[in-house]
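Residue numbers (numbering that gives the first Met the number 0): 0 to 356.
Even for Gly, the Cβ is constructed at its ideal location relative to N, Cα and C.
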Amino acid sequence: MSRFWSPVIQGLTPYVPGEQPKLQNLVKLNTNENPYGPSLAVQAALREAVGDSLRLYPDPNADALKDTLAAYHGVARNEIFVGNGSDEVLAFVFQALLQHEAPVLFPDVTYSFYPVYCGLYGIDFVKVPLGESMDIRAEDYRRPCGGIIFPNPNAPTGIGMPAAAVEQMLAEHPDAVVVVDEAYVDFGGESVIPLVKRYPNLLVVQTLSKSRSLAGLRVGFAIGHPDLIEALDRVKNSFNSYPLDRLALAGAIAAYQDEAYFQQTRRAIMASREALVAQLHALGFDVLPSQANFVFARHPGRDALLLAQGLRERAVIVRHFRQPRIDQYLRITVGTDAECAALVAALRDILGTVPAP
Ligand SMILES: *Cc1c(COP(=O)(O)O)cnc(C)c1O
């Protein structure tokens with residue numbers, strides 16, 4: 000704290016991202032990165048983009064990338080907004096579309112960046128408890144609000160909501176924007192992008208960080224009615240004209256041109272996830288049904304924090320949240336089969352060697 004800080008800064012509680020350890024040779028299953036590298040076509044496009052043209056500003060409107068996304072998702076260019084990672088897109092969404100008198104609704108267990116954005120912009124929020132089985136239920140959101148936001152599949156539970164249930168929520172809230180954060184949708188979830196044409200209150204946000212293996216490039220986007228997109232453009236053009244640099248634009252476009260690699264890697268991750276779930280069950284874990292590239296698991300006889308510490312001692316890192324309702328769970332990213340095997344071996348070691356409390 001310093002007397003030079005603006006008042007709003009003094010009251011902020013910033014988001015804490017998962018650790019990016021400096022140590023090599025760790026089995027890193029804590030931040031839901033893709034274990035497979037980006038497509039070789041992406042890497043070639045990035046090399047190609049390195050050159051004299053870097054002296055020039057990039058296209059402030061990212062039209063080439065928007066046209067690629069428009070063709071891929073069957074929407075128009077003016078229904079797309081792109082940003083520097085979906086975290087930036089979400090920040091603009093809170094400021095442009097969710098800053099109203101009535102509070103924003105989101106689940107009590109969800110992406111922990113949402114309350115941070117509310118703090119930054121002074122937005123009231125209400126946390127709506129998940130159901131008994133840790134699912135998001137449309138009927139629990141039947142109350143006046145200034146907007147609704149949730150990930151689908153949810154994080155960190157991994158549980159997906161059927162498109163029909165999202166549609167029910169959209170129909171019940173014609174006067175509120177419903178933001179569906181589809182960061183993990185490519186691992187078995189159901190996208191609601193096809194509903195954008197029918198629901199002007201729907202905004203879908205996606206990222207290239209997870210299923211396209213480009214967390215390091217920082218590209219995310221939103222799809223919705225042109226009026227919603229215009230609000231986001233207004234914030235962006237009052238903040239930074241060039242959120243996507245030339246490399247990000249080139250790499251992102253190339254990622255959508257290698258559909259075969261995308262399909263191959265996301266299928267491999269889903270298959271590894273099913274194998275990992277079976278192994279965790281065999282070790283006595285309860286695992287929530289996941290449609291994401293991570294699983295959320297707890298062991299009835301072992302404290303989750305102690306398990307996470309035991310894994311770290313064995314060079315495997317996973318994510319633990321010190322938070323009511325989920326402090327006995329571990330969020331484990333699905334790695335390669337070899338990484339999953341290392342995790343399972345470490346857990347077997349811990350469960351066999353540490354006495355139960
Ligand atoms: C990873 C993640 C994001 C952020 O993705 P970036 O595009 O890398 O900023 C957004 N929402 C959820 C739910 C995520 O898990």
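- The three-state reading of DSSP puts P193 in helix, counting H, G and I together.
- For D51, the secondary structure class from DSSP, reduced to helix, strand or coil, is helix.
- Going by DSSP, T206 is part of the beta strand (DSSP E) stretching over L201 to T206.
- Taking 8 Å as the cut-off, the Cβ atoms of V315 and L279 do not count as close.
- A249 places its beta carbon 8 Å or farther from that of K209.
- For A247, the Cβ stays outside the 7 Å cut-off from all heavy atoms of ligand 1.
- Per DSSP, A291 is not a residue of any beta strand (DSSP E), being assigned neither H nor E.
- With fewer than 16 other Cβ atoms inside 10 Å of its own Cβ, F238 counts as exposed.
- The alpha-carbon of S5 is positioned some 34 Å away from that of I325.
- Judged by their CB atoms, A175 and N200 are nearer to each other than the 8 Å cut-off.
- Following the DSSP letters along the chain, one finds D226 in no beta strand (DSSP E) but inside the alpha helix (DSSP H) bounded by residues P225 to K235.
- Runs of the alpha helix (DSSP H) lying entirely within the segment 296-346 and spanning at least 4 residues, in chain order: 303-312.
- Set against 7 Å, the gap from the CB of A251 to the closest heavy atom of ligand 1 is not smaller.
- In the three-state scheme derived from DSSP, where H, G and I count as helix and E and B as strand, L96 is classed as helix.
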